[in-house]
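Sequential numbering from 1 applies to the sequence shown in the UniProt record's numbering.
By construction, the Cβ of each residue, glycine as well, lies at the ideal position given by its N, Cα and C atoms.
Step one of this worksheet: look at the structure below.
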Amino acid sequence: MDEAVTEAELRDEVEKAKSFSPKIKEYILVTTARRDAAIQKAAREITDELAGTDHEFSVSVWGWDQFQEHASLHPDVWEQIDPTYDPFSKRGLEQVAVKIDEVKDLVTSALPDAQNDLRPPSFDAQAENESSPRHTKITIFVEMIENGNLEVGRTGLADLKDADWESATSSEKYRVLIGLASAALKMGDDNEAHSLIERAYDICPEHKSAKRNLATSKLLQGEYDQAKKLAGEAVHARPDDDIAAAMLVQARSFFPADDLLEGLSDSVKGKSPVKAALCQAYRNRDDTAWLSMAVEAYQSDQSDDQIRLNWAEAVLELEIQNNATSAQGGISEFPSFQDLNTAAEELYQACVSRRSRFSLATIHNAGLALRLVDRNEEAKQVLEMGLAHCSGEPSISLQLAIIAHEDRDFGRILELLDERSEHPEVISLRTEATAHILSPSDALEAIDRIDTTNWSEEHRLMLLSSELTSLSRMADWTTAIEKCRQALAENPDSLRFKIVLARVLRLSGDLEAAISHLDQIVAGLAPDATMAERVEIATEYRQLGNHDPIVVLLEDQVSTQHDSEALRLLLSALISGQKHRGALNLFSVFPPELSGDEWYLRARSILAINSGAADIASHLNAYLRVEPNDLEMQISRLGLWQLQGRESEIRRKLRTFEKKIPNGNSLERMRLCHLAVQYGNRKWGVDTAYQELISNWDDPAIHLAYQGLILMYDDLEDAIPKSTAIQENCVFEAMSNDGVRRARIEGTNAHNFEAERHAPTSEFAKACIGKTVGEKVVIATQYESIEFEVLWIKPRALDLLHKSLEEFNKRFPTNSGMQRMTFDFQADNPLVDMERITKAAHDRDQSVLDNYAANALPFCFVAEALGKDVVDGWAGLPGVGIQPRVCIGSRDERNNAIKEIQSKAESGCVLDPITAALASDFHLWETISKVCGPVHVTQSTLEVFAKREIEAKNNIDRRSGITSWQDGRFTMIEITPEQNQVDFEVKKRQREDVLAHCKIATSVPQADLEGQNLEISEVLGSWARDSVLAAEGNGLLLLSEDQGLRQWAAAALGVGSSWLQPVLLLAKDRGLVSIEDYTKFIVDCLDRDFTYVSMDSQTLLTQAKADGFSAQSTVKRMLEVVGGKNADLETNLGVAALFLDLVLQETKQEHVRDRYASLVLEAFSAPRRDETIQVIRALTKQVSLRVFNLIEHAFWWLVARKLGTPDFHQQVKEAKNSQLQRPVSFPSAIRFRVTEKIRLLGSCFPN
């Protein structure tokens, strides 16, 4: 071998290492020479010199033999060196991967007594100055034991002992025995360890670690006097021996009068082993100062195993003292959840890696800590280790039983817990398990025999929970509630008993009482209520679907830095309670490490869906990459693809679900069936829907979904083939002497219809298959032959539809389904039942419409109440005599709208479905974007248009009809396939327009709605609410034709809004649209009976010109709007006056002007019958051309209008009293006295 490294060479290499980047913590020089004691000493001296400098790192020198031993621990490395080397080293080199599955339900418990949790005997292998080849092997095997590779290290030492014992020196024998003793301690064989240590001491008492290791053995055996004596002697012999000093400190801890640190040098006092021992000593003396000492020691040095273990147990103790606040999701500065999780990992590694002495206390604490951080599988692992070593250990068995309770493994509880135990927790767990495994009555009898006089409140609560389990399984809710009230009377201040009562009330079905009781609890909840109590109350509220109290309970109480049930409850409540801003704020403070968790991705996706975020797709894709087996979210993504028209992708995805449907509930599976019928395999969709309904016959939602599936879609012949003969998957009815009999031939379970099912292989089925209606079937029984005649045959899917329709109204009387009607063709009026139902529906709808006509309600209320599509409902209002309420018609309203448009032009606008449909119909996208900025809609608005298109597409080839009640009689209107085709084209164009011209605006307000505003928003309907919230949250203009919606948006949230008319008015003034297009828009709106007031004189003139100044009906309707009852009289009469002047200028014919003047006067006077003269005066005051002639025309218009009316003379008198500028001649038909003069009706000259 090569020559040993000199100290000078080593120092030279260390100088080079100081320049390494990044800086190193450990420097190992490997030499081909054997290990040399002198160079090892030099390495230690250099390490001490570097301590506290800018280049602090440890220095080691490995001889070639030592390097080989280390390499042998890594087979892939060792094979490159010498695959035939020492067989001891290659034995048992295996690594075990531990899969960690996090589960829930936290249970706290007290820490066990850890006074005997002492440091095992150990030594610094590099400090022994023993460098023979055998010593090198011993060192490696001992290091393996210290690092947790017990089996390999122990086997290596045992084999070495067997092979080389006779030739070994006393020092080598000593080290072998001490190494085996260390392994024995780690494996829990204390007796073997003590024997080996004493034998080692006998062989080599002069070894420098002999006394300290023997002191450790005596300490573990409780021989404290001997331990203190031996450790003291070891310290006296070697004052710098920190291990011996640590043993002395621990031994002194059992003598209260002893000074723990007496006689120890200052340098030793600062060493990690002594710090760890001092902490343990204070713990042995029941001095709580050990907690702060453990934390301080850990902060200064985390390299020592015992210091880390002390810190971990201190964290656990502090967490329990703090009512497990961190574990429950609460806010705690220390220990935080991260501290607790680190502590649990440290305790776990101490158990599974066996780096420390085997200790039931450590096992117990590790199990408890792991359970607190939701690592139950690892908790079970370490607890089972303890149980295997100490079978029947109560504390270990109890923890495993608690985990089994969380897993609902009641048989395991009975296996683990001793039936003779008098421990309250054991009794409670066993009685509950008995209720599940044996019988509730047995459990109740056992409970009656229990004396709980000396039990704590917590233990009495546990027993009550077990008793309630038995009563609930017996459905005896009356007794359960009585027991709860009795227990609460005995413990009136107990919050936990109050919560149990609320839970029992909920489970019993008395939801109102449960909510009332919970509200009382919250009203009296102390500010210092524990997080566990808050979580329990919040869980009850969630079960009741009451979200706001959860936010009150948990907001500002929950840590956002780690996953917890409390955090999930709060987030769920914010999202479900429409507090999307709060939810987004919560997400924004989550640490990055949570963003990849499945629950986080799902919650974020749901928030994106509920708030209509523009980036829904990215959130859904991120979640479904992690968890594709989620049907609800898969369907959400398919719905998003529907909005985007991605039909080919929908079909491909649906085909993958035919093999295995992702996890979801029955209603979600029915939605999947609808999609399959619409886009993919109709037969698979119908067959799967059939199985869902037949399996969920008591669910009204599934009935309605199935009915819609069969009745909504055409072309189902392949999915539901006609049955002309009896075959598999059909239902038929047959007549025999015994009466009518229904039968179905199918191979799968028919659930509610199982009594009439016959398997295809049954004798009855074989005899019937192939028969047609009218044919007879003879079934030979043991005693006779029975003849059946086939009456009818149906496919099973069609028969199930008929049964569903037949039973629905009786089975679910409070649910709205298809109405069953009777047609009596023998009666005088076969449709009397249909007429009755139609009239009842008309009367109900009319009351809603009358309310809308009388009040400025948002139309979305009306659409929701009528169950109508909002766009079609709005367009249909004129057909039932109701004018859509677009605006009030005042000048201030119009001017305010224009100001809002101008102020929001840079941000843009958001359109509701009604307005978006009009924008599409009138081709206004470019105009709106130029005036209002970027155009947005919400996801819910997009859904409205997608749904309309899908429904229209399904109706294209259908000939259908609608019934109505008009003018006091029943009417029916036929809708042809051609009309359906036109309707589909319109709705398809509208959806495509919206997709092409609009951005998506997220519907999240700047601050979440509260109180009445929140209540109103929830009944607005998603599309209306989302449009308002998107406008407020994004600083956009709300562009809506719905006057009521705009008014609510302004009053509740201060949202600036407008309707289309002011937008077009601005566009006209800016030259963005021609006067002809603007006029056409106005006329089109009038044709829809919309109320528009912003028609200027040019618009009126343009339409008059378009009519050739002859057809006056359109201009008349326009003037009726200008002169409506809410019009600003002075302003609008000015418009009319200018219009009359323009007509005269354009036509040069005064009679044409007079004709339109009559229309103006009629339009303004009709809503103001008592102000006719004032109207005339105001109009003539503003006319500029041939005023006298117009005044004369106006007077005679008034006379003609009033002729024959009771107030004719009064009106003429008023006209006579008006100031006239010149006399007016009268036709001979109307005679007045010659001397009588009629004055002009006001000034003939405008001011």
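Could you pull the DSSP bridge partners for residue 789 from this structure?
735 and 776
At the level of alpha carbons, what is the spacing between residue 347 and residue 643?
53 angstroms
Inter-residue spacing [alpha-carbon to alpha-carbon] between residue 701 and residue 421
51 angstroms
With three or more beta-carbon pairs closer than 8 angstroms as the criterion, would you say the segment 571–578 touches the segment 597–615?
yes
Distance CB(residue 885)-CB(residue 1021) smaller than 9 angstroms:
no
Identity of the residue in 267, 940 and 905 nearest residue 927 by Cα:
905
Cβ distance (whole Å) where residue 365 is taken to contact residue 313 below 8 angstroms
6 angstroms
Residue 1248: which of 773, 184 and 841 sits nearest, CA to CA?
There is simply no residue 1248 to check, as the chain begins at 1 and stops at 1247 in what is shown.
Under the assumption that residue 881 contacts residue 908 (Cβ atoms under 8 angstroms), give the Cβ distance between them as a whole number of angstroms.
No, residue 881 and residue 908 are not in contact; Cβ-Cβ is about 37 angstroms, not under 8 angstroms.
Does any CB atom of chain D fall closer than 9 angstroms to the CB of residue 1035?
The structure shown has no chain D; it contains just one protein chain.
Count the other C-beta atoms from every protein chain shown that fall within 10 angstroms of the C-beta of residue 228, then say buried if there are 16 or more, exposed otherwise.
buried
Write down the C-beta distance between residue 438 and residue 429 rounded to the nearest angstrom, noting that I regard them as a contact closer than 8 angstroms.
Rounded, the Cβ-Cβ distance is 14 angstroms, inconsistent with contact.
Contact set for residue 302: own chain, Cβ-Cβ below 7 angstroms, skip 5 residues either direction:
308
Tell me whether residue 7 sits in a helix, a strand or coil according to DSSP, three-state version.
helix
If you draw a straight line from the alpha carbon of residue 712 to that of residue 1072, how long is it in whole angstroms?
45 angstroms
Of the choices 419, 376, 372 and 375, whose alpha-carbon is the least far from that of residue 1300?
Absent from the structure is residue 1300, since the part of the chain shown begins at 1 and ends at 1247.
So, helix, strand or coil for residue 742, using DSSP?
strand
Where does residue 299 land, buried or exposed, given buried means 16+ other C-beta within 10 angstroms?
exposed
Using only CA atoms, which one of 742, 626, 206 and 1061 lies nearest to residue 889?
1061
N- and C-terminal bounds of the alpha helix (DSSP H) containing residue 352
337–352
Expressed to the nearest angstrom, what Euclidean distance is found between the alpha-carbon atoms of residue 315 and residue 233?
35 angstroms
For the alpha helix (DSSP H) containing residue 577, list its first residue and its last residue.
Careful: residue 577 lies outside any alpha helix (DSSP H) and carries neither H nor E.
Under the assumption that residue 1163 contacts residue 1122 (Cβ atoms under 8 angstroms), give the Cβ distance between them as a whole number of angstroms.
7 angstroms
With a Cβ-Cβ cutoff of 9 angstroms, do residue 897 and residue 612 count as a contact?
no
So, using beta-carbon positions, are residue 280 and residue 250 closer together than 9 angstroms?
yes
Can the beta-carbon of residue 554 be found less than 9 angstroms from the beta-carbon of residue 581?
no
Once the 5 residues before and after residue 403 are set aside, which same chain residues still bring their CB inside 8 angstroms of it?
371, 376, 379, 380 and 383
Based on the DSSP secondary-structure assignment, which residues constitute the bridge partners of residue 58?
26
CA-CA distance, residue 1077 and residue 930?
16 angstroms
Checking the sheet assignment: what are the DSSP bridge partners for residue 1037?
909
Does DSSP put residue 1026 in a helix, a strand or coil?
helix
Please report the distance separating the alpha-carbon of residue 737 from that of residue 789.
10 angstroms
Under the rule that 16 or more other beta-carbon atoms within 10 Å means buried, what is residue 821, buried or exposed?
exposed
Just to confirm my understanding: we take residue 703, look at its own chain, exclude 5 residues before and 5 after, and list those with CB closer than 6 angstroms. What are they?
804 and 808
Buried or exposed by the 16-neighbour rule on C-beta atoms within 10 Å, applied to residue 900:
buried
Which one of 1028, 1042 and 1069 has the shortest CA to CA distance from residue 1053?
1028
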